[in-house]
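Below: the structure, in structure tokens.
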Amino acid sequence: MIPILEIKEKARTLGVPPSTIERDYAQNWLLVYLSEISMALKGGTGIRKVYFKDYRFSDDLDFTLIQHYDSEVLKGKIEQSIINAREDIGIAFKDDISFIPTRSGHRAVIYFSIIPSSRTSLIKIDLDLTEPENEEILLPVENKPIFHNYSDKIESNVTAYSLEEIMAEKIRSLFQRVRPRDLYDVSQIADFIDRSQVKSILEQKCRKKEVIIDSEIFRDRKERFRASWDTSLSHQMHALPDFEGAYNRVLQEIEYYKKLELITN
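In terms of the working numbering, the sequence shown is residues -7 to 257.
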């Protein structure tokens, strides 16, 4: 494990809380030890861990399972991964995890600490695991090296969504809930994706969740996105981009796909 001083210095340099760095570091090693489970990393964490190494930090690890597991078998695999990471790396992961059924699959709640602290609460990482029948992976997954911006080295790969599939699900998410991180992610990766690939899967992705892409609905949600922009993202990066610029960039993307009449009632 890296020295605590390295965590504190990186937090100071990047302008984020030390707990953000602790979580990022622990996530990386969890990815190494979870790699034997047949699943694909997705979401904002996927963007940071395998596509853009200086991307915003993320609180959770989101996966879609590639094959179905009995819930007790899956829980056991996660618990063994945590034990191995603790013994090999020295991160103080707690033995007991909460393993909770969700509408789309399972959530494993993991607690740990690295920096000794007077705080009463441990740091939490949620593993959200979507069952394959609840989210079909439509584009080929990629085997990508894990970015690890720390002095100890990770030479390991993780199975991840393509950037285009992440984009399609992020666009859909804008109409499922109001989470500023989805708005941020769409605005940041829009210039790095192949629109034709996103176009090829977006309708099917939305139909699966009964979501309609509608720029008027998005406009109606603007102030709700704005209201939680700073509070939701400030611990994940030092300098937030301008909300108006991000919102308008995302609106352009929504209007592009809507104009193609990909999503209909």
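Built from N, CA and C at the ideal position, the CB exists for glycine as well.
Rounded to whole angstroms, how far is the Cβ of residue 197 from the Cβ of residue 152, which I believe are closer than 8 Å? Contact flag wrong, Cβ pair sits at about 17 Å.
At least 3 beta-carbon pairs within less than 8 Å: the segment 100 to 120 vs the segment 43 to 62: The segment 100 to 120 is in contact with the segment 43 to 62.
Take residue 240 as the anchor and find which of 9, 138, 92, 178 has the nearest alpha-carbon. Of the residues 9, 138, 92, 178, the one whose Cα lies closest to the Cα of residue 240 is 178.
Using the rule of at least 16 other Cβ atoms within 10 Å of the residue's Cβ for burial, across every protein chain shown, is residue 18 buried or exposed? Result: buried.
Taking all protein chains shown into account, do 16 or more other C-beta atoms lie within 10 angstroms of the C-beta of residue 255, making it buried, or fewer, making it exposed? In this predicted model, residue 255 has a pLDDT of only 49, less than 50, meaning its place in the structure is not dependable; the value taken from the coordinates is given anyway. It is buried - the Cβ of residue 255 has at least 16 other Cβ atoms within 10 Å.
Looking only at its chain, what residues have a beta carbon closer than 6 Å to the beta carbon of residue 103, apart from the 5 residues adjacent to it on each side? For residue 103, where only same-chain residues beyond five positions count, the Cβ hits under 6 Å are 86, 114, 116.
Endpoints, the alpha helix (DSSP H) within which residue 149 is located: The continuous stretches of alpha helix (DSSP H) do not include residue 149, which lies in the beta strand (DSSP E) extending over residues 149 to 152.
Give me the Cα-Cα distance between residue 174 and residue 164, rounded to the nearest whole angstrom. The alpha-carbon separation between residue 174 and residue 164 amounts to approximately 9 Å.
Just mark residue 11 as buried or exposed, buried being the case when its beta carbon has 16 or more other beta carbons within 10 Å. Buried: at least 16 other Cβ atoms inside 10 Å.
Quick check on residue 70: buried or exposed, where buried means 16 or more other Cβ atoms within 10 Å of its Cβ? Classification for residue 70: buried.
I need the boundaries of the alpha helix (DSSP H) containing residue 239, first residue and last residue. Its alpha helix (DSSP H) spans residues 235 to 251.
Within 8 Å, strictly: CB atoms of residue 84 and residue 105: Cβ atoms of residue 84 and residue 105: closer than 8 Å.
Can you tell me where the alpha helix (DSSP H) holding residue 175 begins and where it ends? Annotation for residue 175: the continuous alpha helix (DSSP H) segment containing it runs 172 to 181.
Cβ neighbours of residue 218 in the same chain (closer than 7 Å, five flanking residues each side left out): For residue 218, where only same-chain residues beyond five positions count, the Cβ hits under 7 Å are 235.
Let's test the definition: count the other Cβ atoms within 10 Å of the Cβ of residue 20 and tell me whether it reaches 16, buried, or not, exposed. Buried: at least 16 other Cβ atoms inside 10 Å.
Indicate whether the contact test is met: 3 or more Cβ pairs, each with one atom in the segment 60 to 79 and one in the segment 92 to 100, closer than 8 Å. Enough Cβ pairs lie closer than 8 Å, so yes.
By how many angstroms is the C-alpha of residue 46 removed from the C-alpha of residue 40? Spanning the two alpha carbons is a distance of roughly 7 Å.
Have a look at the DSSP bridge pairing and note the partners of residue 97. Residue pairing of residue 97 in beta bridges, as defined by DSSP: 122.
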